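Student: Note that the sequence shown covers residues 58 to 420 in the numbering used here.
Ideal placement from N, C-alpha and C gives every residue a C-beta, glycine not left out.
Remember, predicted model here, so these are calculated numbers, not experimental data.
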Amino acid sequence: MPINVTRSSMPGFDEYCEEIRELWDSHFLTNMGVKHQQLEKDLEKYLDVANVVLFTNGHLALENAIAYYAFPEGSEVITTPFTFVSTTHAIVRNGLKPVFCDVNEKDFTIDADKIEELITEKTVAIVPVHVYGNLCDTDRIQEIADRHGLKVIYDAAHAFGVKKNGVGAANFGDMSMFSFHATKVYNTIEGGAVCFKEDGPRDDLNHLKNFGISGLEECVRIGGNAKMNEFQAAMGICNLRHVDDEIAKRKHVAETYDRWLGKLDGIRLNRTAEGITPNYAYYPVIFDSYKLSRDEVYRKLRENGILSRKYFYPLTSDFECYGNFEKNDTPCARYLAAHVLTLPMYADLSDEDISRICSIIGE
Ligand SMILES: *Cc1c(COP(=O)(O)O)cnc(C)c1O
Numbered sequence: 058m059p060i061n062v063t064r065s066s067m068p069g070f071d072e073y074c075e076e077i078r079e080l081w082d083s084h085f086l087t088n089m090g091v092k093h094q095q096l097e098k099d100l101e102k103y104l105d106v107a108n109v110v111l112f113t114n115g116h117l118a119l120e121n122a123i124a125y126y127a128f129p130e131g132s133e134v135i136t137t138p139f140t141f142v143s144t145t146h147a148i149v150r151n152g153l154k155p156v157f158c159d160v161n162e163k164d165f166t167i168d169a170d171k172i173e174e175l176i177t178e179k180t181v182a183i184v185p186v187h188v189y190g191n192l193c194d195t196d197r198i199q200e201i202a203d204r205h206g207l208k209v210i211y212d213a214a215h216a217f218g219v220k221k222n223g224v225g226a227a228n229f230g231d232m233s234m235f236s237f238h239a240t241k242v243y244n245t246i247e248g249g250a251v252c253f254k255e256d257g258p259r260d261d262l263n264h265l266k267n268f269g270i271s272g273l274e275e276c277v278r279i280g281g282n283a284k285m286n287e288f289q290a291a292m293g294i295c296n297l298r299h300v301d302d303e304i305a306k307r308k309h310v311a312e313t314y315d316r317w318l319g320k321l322d323g324i325r326l327n328r329t330a331e332g333i334t335p336n337y338a339y340y341p342v343i344f345d346s347y348k349l350s351r352d353e354v355y356r357k358l359r360e361n362g363i364l365s366r367k368y369f370y371p372l373t374s375d376f377e378c379y380g381n382f383e384k385n386d387t388p389c390a391r392y393l394a395a396h397v398l399t400l401p402m403y404a405d406l407s408d409e410d411i412s413r414i415c416s417i418i419g420e
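(1) Is His116 close to ligand 1? I mean its beta-carbon at under 7 Å from any heavy atom of the ligand.
(2) With a floor of 3 residues, list each beta strand (DSSP E) that falls wholly inside the region 283–360, ordered by position along the chain.
(3) Examine the Cβ distances between the region 324–344 and the region 166–182 and report whether three or more of them are shorter than 8 Å.
(4) Roughly how many whole angstroms lie between the Cα atoms of Asn228 and Pro388?
(5) I'd like the list of long-range same chain contacts for Gly152, defined as Cβ closer than 6 Å, with 5 residues on each side in sequence excluded.
(6) Would you say Asp194 touches ligand 1, meaning its beta carbon is less than 7 Å from a heavy atom?
(7) Excluding the five sequence neighbours on either side, which residues of its own chain have a C-beta within less than 6 Å of the C-beta of Thr245, listed in chain order?
(8) Within 7 Å: the Cβ of Ala214 and any heavy atom of ligand 1?
(9) First and last residue of the beta strand (DSSP E) that includes Asn185?
(10) Please tell me whether, using a cut-off of 7 Å, the distance from the CB of Val184 to the nearest non-hydrogen atom of ligand 1 is below it.
(11) Can you name the start and end residues of the beta strand (DSSP E) that Cys252 belongs to?
(12) So for Cys276, helix, strand or coil by DSSP?
(13) Report yes if the C-beta distance between Asn121 and Phe128 is below 8 Å; otherwise report no.
(14) Pick from Leu398, Gly90 and Ala182: whose alpha carbon is nearest that of Ala147?
(15) Roughly how many whole angstroms lie between the Cα atoms of Tyr126 and Met232?
(16) Looking only at C-alpha atoms, which of Glu312, Asp261, Glu133 and Leu393 sits nearest to Thr166?
(17) Might you give, ordered along the chain, the residues of its own chain that have their beta carbon closer than 6 Å to the beta carbon of Ser374, omitting 5 neighbours on each side?
(18) Please determine if the region 394–404 and the region 337–355 are in contact, where contact requires at least 3 C-beta pairs separated by less than 8 Å.
(19) Following the continuous beta strand (DSSP E) through Phe16, name the residue where it begins and the one where it ends.
(20) Which one of Val110, Val188 and Asp196 has the shortest CA to CA distance from Val224?
(21) Report the residue from Trp81, Tyr403 and Arg278 whose alpha carbon sits nearest the alpha carbon of Pro341.
Shown next, in the form of structure tokens:
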């Protein structure tokens with residue numbers, strides 16, 4: 058049996074059907090209906106944040122979060138290249154210039170020591186990524202942003218349910234984007250949200266995701282269409298009931314991997330930092346000086362019907378479409394992109410499958 062790198066969590070068929078029954082009665086399928094409203098409330102509670110604005114996917118959530126600030130064209134945004142290409146696209150599609158900062162070796166998030174040297178008079182924001190659910194150094198980043206008058210918009214696509222000293226990840230910076238894509242810890246099939254503490258941006262984000270429309274005969278912004286529909290929201294309501302169980306199962310998978318792989322020399326495993334409540338979104342392994350290279354392990358697993366993922370490789374700054382932006386030296390990001398593999402990780406991954414995967418890596 059082939060093993061995929063991920064497997065979407067789903068509620069029971071009957072549970073979902075029951076959840077969407079009233080949509081058949083009302084014929085109200087989208088445009089911020091009852092399911093949409095309920096899911097925003099449910100998520101505000103779960104993520105322990107004052108404001109959740111839903112979007113049809115994580116990418117458009119991030120693109121609109123940045124658009125909200127209407128930064129002058131050509132302004133600079135400090136970000137990292139060790140991410141999913143969506144992060145960089147969201148910046149550039151807003152007419153802004155990505156300035157690539159290196160990541161740190163410890164948790165693969167932006168290296169806070171290297172941010173300030175990249176700030177110029179054109180810098181307007183920092184867009185850091187909580188890689189694999191490891192949270193960035195949010196205190197230092199905020200301190201730097203405050204000192205230089207910059208906005209901080211987190212790509213928190215990996216960080217659903219993660220907490221730092223009991224504070225939900227959604228509370229850091231000016232805004233955070235979460236992705237509810239089918240492959241993530243928590244899904245609404247496709248989906249996403251922008252979360253933030255202060256009430257201010259809520260109306261405007263709602264306008265941006267709905268053509269800028271603010272009333273029957275009023276249009277206040279040049280918005281697009283990025284609304285989550287009622288069926289996505291219903292899936293989200295159901296999946297949220299089970300997400301704690303799913304994360305508990307992922308914890309078991311991660312601990313089982315740790316037991317197998319912790320014995321091997323020349324590899325590095327992801328460590329949960331102090332004070333962090335993790336979500337076990339991914340299981341990254343860094344093949345530093347292992348007897349097999351990252352690419353050899355990837356091929357060997359593949360030959361055995363097991364899909365792992367070079368995540369993230371290549372660096373987004375290396376994609377052809379970003380050839381026009383200058384490349385800063387980001388040696389740590391480059392090293393990680395060449396040595397990391399994320400192994401299959403999902404709630405129902407069996408102990409037998411984990412032992413098969415680890416035997417192939419270890420033999
Ligand atoms: C998944 C992901 C996105 C995009 O989210 P979608 O919901 O797929 O649009 C952005 N950034 C990162 C880091 C992601 O993992």
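Tutor: Reading from the atomic positions:
(1) On the sequence shown, position 59 is the one that residue 116 refers to. Yes.
(2) As far as the region 283–360 is concerned, its whole beta strand (DSSP E) runs of at least 3 residues are 324–326 and 340–344.
(3) The answer is no - the region 166–182 does not touch the region 324–344, with fewer than three Cβ pairs under 8 Å.
(4) As a position in the sequence shown, residue 228 is number 171, starting the count at 1. As a position in the sequence shown, residue 388 is number 331, starting the count at 1. Taking the CA atoms as reference points, Asn228 sits about 30 Å from Pro388.
(5) Counting from one through the sequence shown, the residue named residue 152 turns up at place 95. Excluding sequence neighbours, Gly152 sits near Glu130.
(6) By 1-based counting over the sequence shown, the position of residue 194 is 137. For ligand 1, not one heavy atom lies less than 7 Å from the Cβ of Asp194.
(7) Reading the sequence shown from its first residue, position 188 is the one you call residue 245. Around Thr245, the same chain offers Phe237, Gln289, Met292 and Gly293 as residues with beta carbons nearer than 6 Å, after the five sequence neighbours per side are excluded.
(8) Within the sequence shown, numbered from 1, the residue matching residue 214 stands at position 157. For ligand 1, at least one heavy atom lies less than 7 Å from the Cβ of Ala214.
(9) Here residue 185 refers to the residue found at position 128 of the sequence shown. Going by the sequence as given, residue 185 is Pro instead of Asn. Careful: Pro185 lies outside any beta strand (DSSP E) and carries neither H nor E.
(10) Taking the first residue of the sequence shown as 1, we reach residue 184 at position 127. Checking every heavy atom of ligand 1 against the Cβ of Val184, none is found closer than 7 Å.
(11) The residue given as residue 252 occupies position 195 in the sequence shown. Per DSSP, Cys252 belongs to the beta strand (DSSP E) from Gly249 to Phe253.
(12) Position 219 of the sequence shown, counted from the start, is the residue given in the question as residue 276. Note: Cys276 maps to strand in three-state DSSP.
(13) Position 64 of the sequence shown holds residue 121. Position 71 of the sequence shown holds residue 128. If you check the CB distance, Asn121 and Phe128 do not come in under 8 Å.
(14) For the purposes of this step, residue 147 is taken as residue 90 along the sequence shown, with counting starting at 1. Distances from the alpha-carbon of Ala147 to those of Leu398, Gly90 and Ala182 put Ala182 closest.
(15) By one-based count along the sequence shown, residue 126 stands at place 69. By one-based count along the sequence shown, residue 232 stands at place 175. Tyr126 and Met232 have their alpha carbons spaced roughly 11 Å apart.
(16) Against the sequence shown, residue 166 aligns to sequence position 109. Cα-wise, what sits closest to Thr166 is Leu393.
(17) Looking up residue 374 in the sequence shown gives position 317. The answer, listed in chain order, is Pro138, Phe157 and Lys384.
(18) Yes: at least three Cβ pairs fall under 8 Å.
(19) Nothing about residue 16 can be reported from this structure: the residues present for the chain run from 58 to 420 only.
(20) The count along the sequence shown starts at 1 and reaches residue 224 at position 167. It is Asp196 whose Cα lies nearest to the Cα of Val224.
(21) As a working note, residue 341 is residue 284 in the sequence shown. Ranking Trp81, Tyr403 and Arg278 by Cα distance to Pro341 puts Tyr403 first.
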